[in-house]
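Going by our numbering, the first residue of the sequence shown is number 359, and it counts up by one from there.
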Amino acid sequence: LKTDRCAHLAAFSDDDLRDAADVTLDISVDPFDQVSETIARLTACVGPDRVRLALPILTREHERAELVQRIAALRERGMRRWEIGNLSGWSLLGIEPTVEAVRAADLDIAGDWALYTMNGAAAQAWGRMGLSRATVSIEGHLDTMRAAAGSTDLPLAAVVYQDTPLFLSESCAWATLCGACATPARCTFTEIPLSMDGGIRLRIGRRQCRTVATMERPLCLAGRLGDLAEAGINRFSVQFVWRDYAPQDACDVWRRVRTDRPLANTHCGNVSRGFIQGPTGGGDDAECD
C-alpha cells in the first residue's frame, strides 16, 4: 500500500493497514508535521518494520534542500526502510549505490516502478546496487515479468493499481488557461478533464505546481493476481499517487484489489498480453488496452 497524501489513509482502519506487508508514504508532498504524525500512526499500528518512506521520482534542485532535511530528520528518528524511484535516490540518502554502502548505513531500500525493471538483467543490477526489492515495469507484459522473475533472486513486485503519470510538466496548465498564477497559497485548481481524438480521456492535475497527466481510467490488475503469481510475481503494490482520492474511495479500492475483485472503469495496460485466462472484465466498462 503506497500513497503520497496522508489524507488518503484517513478511512483505513487499523485492520486495513495491518493487511499490508508494507505501508509506504511519500514524504515529499504534505507538510512535514502531517508526514510525521502519519508515520507515528502507521508505526504504532503496523510496527516500524512494515513502514516504508518513499522519495519522489522527480526532484528539482530548488526542492532538494528541504527534501534532504526531511530525510535526515527521519533517519535520526530511526527510520531505515525507504523506497526510491530515481537514480538520485542513493545520493539523497547520502550513500553510494552498492550493497556494502547500504548495509553499512543499515538501510533497507526498495525500488519503485520508475526504476526501470523490464528483465532479469535489470533486476540483477538493482540487486548489486543494494536494493532489497525491485518493481517490474508497468510497460511490460506477463511474459516479460515471468522471464525477469525466473532469472533473478531479487524479490520483484508488480503495480496492480495506479494512476500512472503519462507526463509531468513544470508548466502549470491552470495558470496557462487563466493567464496568470494565483500563487500556491491561493490556488484552488485540483483537476480538469481532457478529451483527445480516438476517445482517449485524461485527467490533468496538479502536484506542487507541476502539471500531471494521467489516464481517466486507472491501471488495475485485480482479478488477475493468480496469473501474476504463476509468473513468479507474488508481491503486489496498490498505489494512491498523483491523484487526490476521497479517503473512503481509496479504502474501497484497497479492499477490492486485496480480494482480487476487478474494478470497473479501469484498464490493464500491456500486462494483458500473455494472461493465462481470458479477460475477466472488471465491470461493463473495464477494458484491457
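Where a beta carbon is used, it is the ideal one built from N, C-alpha and C, also for glycine.
- In the DSSP annotation of this structure, the continuous segment of the alpha helix (DSSP H) that includes Gln606 starts and ends at Pro605 to Arg616.
- The DSSP assignment places complete alpha helix (DSSP H) segments of no fewer than 4 residues inside the stretch 441-520 at 447-450, 457-462, 478-486 and 500-507, in order along the chain.
- Gly563 is bridged by DSSP to Glu549 and Val570.
- Here Gln520 is buried: its Cβ has 16 or more other Cβ atoms, across all protein chains shown, within 10 Å.
- Around Cys578, the same chain offers Tyr519, Leu621 and Thr624 as residues with beta carbons nearer than 6 Å, after the five sequence neighbours per side are excluded.
- Counting along the chain, Arg433 sits inside the alpha helix (DSSP H) bounded by residues Glu419 to Glu434.
- Annotation: Gln606 to His499 spans about 31 Å, alpha carbon to alpha carbon.
- In the structure shown, Leu367 falls within a helical segment according to DSSP collapsed to helix, strand and coil.
- For Ala587, the enclosing alpha helix (DSSP H) has its first and last residue at Leu583 to Glu588.
- Nearest in C-alpha terms to Arg616, of all of Trp440, Ala604, Arg593 and Ala543, is Arg593.
- Going by DSSP, Asp407 is part of no alpha helix (DSSP H) at all; its letter is neither H nor E.
- Cβ neighbours of Gly443 within its own chain (closer than 8 Å, five residues either side excluded): Ala412, Leu413, Pro414, Ile415, Gly469, Asp470, Trp471, Ala472 and Leu473.
- Beta bridge pairing from DSSP links Thr361 with Leu383 and Phe598.
- DSSP places Leu400 in the helix class (H, G or I) of the three-state scheme.
- DSSP places Leu526 inside the beta strand (DSSP E), whose first and last residues are Pro523 to Ser527.
- If you compare the alpha carbons of Arg582, Thr546, Cys530 and Val599 with that of Cys567, the shortest gap goes to Cys530.
- For Arg614, the CB contacts under 7 Å within the same chain, skipping 5 residues up- and downstream, are Ala580 and Leu621 in chain order.
- At the C-beta level, Thr493 and Met573 stay beyond 8 Å of one another.
- Relative to the Cα of Val629, the nearest Cα in the group Asp511, Ile496 and Ala462 belongs to Ile496.
- For Arg376, the secondary structure class from DSSP, reduced to helix, strand or coil, is helix.
- Inclusion of Val381 and Arg408 in the CB contact set at 8 Å is warranted, their separation being smaller than that value.
- Rounded to the nearest angstrom, the gap between the Cα atoms of Arg438 and Phe598 is 22 Å.
- In the three-state scheme derived from DSSP, where H, G and I count as helix and E and B as strand, Cys536 is classed as helix.
- In this structure, the straight-line span from the alpha carbon of Ala463 to that of Ile453 is close to 8 Å.
- DSSP places Ala412 within a strand segment (E or B) once states are collapsed to three.
- Inter-residue distance for Thr401 and Leu535 is about 43 Å (C-alpha atoms, whole angstroms).
- Of the residues Pro576, Ala587, Leu586 and Glu528, the one whose Cα lies closest to the Cα of Val570 is Glu528.
- Rounded to the nearest whole angstrom, the CA to CA distance from Pro513 to Ala398 is 27 Å.
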